[in-house]
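Undergrad:
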Amino acid sequence: MRTKVYFTRPVGMSGPIKIGCTTNIENRLSSLSTWSPFPLELILTIPGDTRLEGTIHDRFARDHLHREWFSPSDGLLTFIRRVISGEDVDTVLSCIPNKPGAFRKSRRRHYPPWSIGRRERASYRSKLFWAARRLGTEDAYAIFPNGVRDIVSLYGRDVPPISDAERARLEEILSNPSAHFIMHQHRKIKAEGAAA
């Protein structure tokens, strides 16, 4: 199957317009319709891959709304009309000012960096999780020992660094997980309850 770049929008409306890429237009339109509050119609499909899709996204970055949805600007509607009338896609694109990377940049989120305390707690949380996984079978799950969940909590804006006493407690648990974790056979308990 050949990949195509498609343009779709709600039926009877000028926009918003989704510009996407797929190898199966029917399935993609059906999938999009499931989540759309309005019935969708296909406006245009053109042969092309994700590179062409990215180029079109970048050229219309100033019309970007959310994800792959764009405002029906005069420029975008003119582009669609010209391609539908038979003009070459590359020729029409060459008439639109190039803003390389603008779409990608507009979607980038800027998260504040993690504090040392948050990074350290996340690291220990991951180590504890995998220690518990190594202990259990597929029929068991582990409960953290008392107070440990609070030590590795990531909630709150400014998570303080782990204290020496907390670090010693975590290292003690990690050195011998089987002595500290409480194992529950939850699936067996449910199965036995259902059989009774």
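First residue of the sequence shown: 0, per numbering that gives the first Met the number 0; consecutive thereafter. Glycine is no exception: its CB is placed at the ideal position from the N, C-alpha and C atoms.
1. Measuring CB to CB, does Arg27 end up less than 8 Å from Ile16?
2. For Arg8, which three-state DSSP category applies?
3. Using 8 Å as the threshold, is the C-beta distance between Ala130 and Pro96 below it?
4. Assuming Val151 contacts Arg124 under a Cβ cut-off of 8 Å, what Cβ separation, rounded to an integer in Å, is found between them?
5. Report the residue from Asp149, Val147 and Phe78 whose alpha carbon sits nearest the alpha carbon of Ser93.
6. If you check the beta carbons only, do Gly19 and Pro71 fall under 8 Å apart?
7. Whose C-beta lies closer than 7 Å to the C-beta of Ser114 among residues of the same chain, with five residues either side of it excluded?
8. Compute the Euclidean distance between the alpha carbons of Val4 and Ala164, then round it to the nearest angstrom.
9. Among all the DSSP beta bridges, which residues are the ones paired with Glu40?
10. What is the rounded straight-line gap between the Cα of Thr44 and the Cα of Pro36?
11. Alpha carbons only, please: which of Ile142, Glu119, His179 and Asp73 is nearest the one belonging to Ser220?
12. Spatial neighbours of Ile83 within its chain, please: CB distance less than 7 Å, with the 5 preceding and 5 following residues excluded, ordered by chain position.
13. Between Pro99 and the rest of its own chain, which residues show a CB-CB distance below 7 Å, the 5 nearest in sequence each way excluded?
14. Among the residues of its own chain, which have a CB less than 7 Å from the CB of Leu75, if the five just before and after it don't count?
15. If you count every other CB in all the chains shown that lies within 10 Å of the CB of Glu86, and 16 or more means buried, which is it?
16. Quick check on the burial criterion: 16 or more other C-beta atoms within 10 angstroms. Buried or exposed for His179?
17. Measure the CB-CB distance between Ser32 and Leu41 and report whether it falls below 8 Å.
TA: Based on what the coordinates show:
1. no
2. Note: Arg8 maps to strand in three-state DSSP.
3. The beta carbons of Ala130 and Pro96 sit no closer together than 8 Å.
4. 4 Å
5. Phe78
6. no
7. Asp157 and Val158
8. When rounded, the distance between both Cα atoms is 58 Å.
9. Arg8
10. 22 Å
11. No information on residue 220 is available, as it lies outside the stretch 0 to 195 that the chain covers here.
12. The answer, listed in chain order, is Leu43.
13. Note that Pro99 has pLDDT 49, beneath the 50 cutoff, so the model's placement of it is unreliable and no number is given.
14. Ile16, Phe59, Asp62 and Phe69
15. exposed
16. buried
17. no
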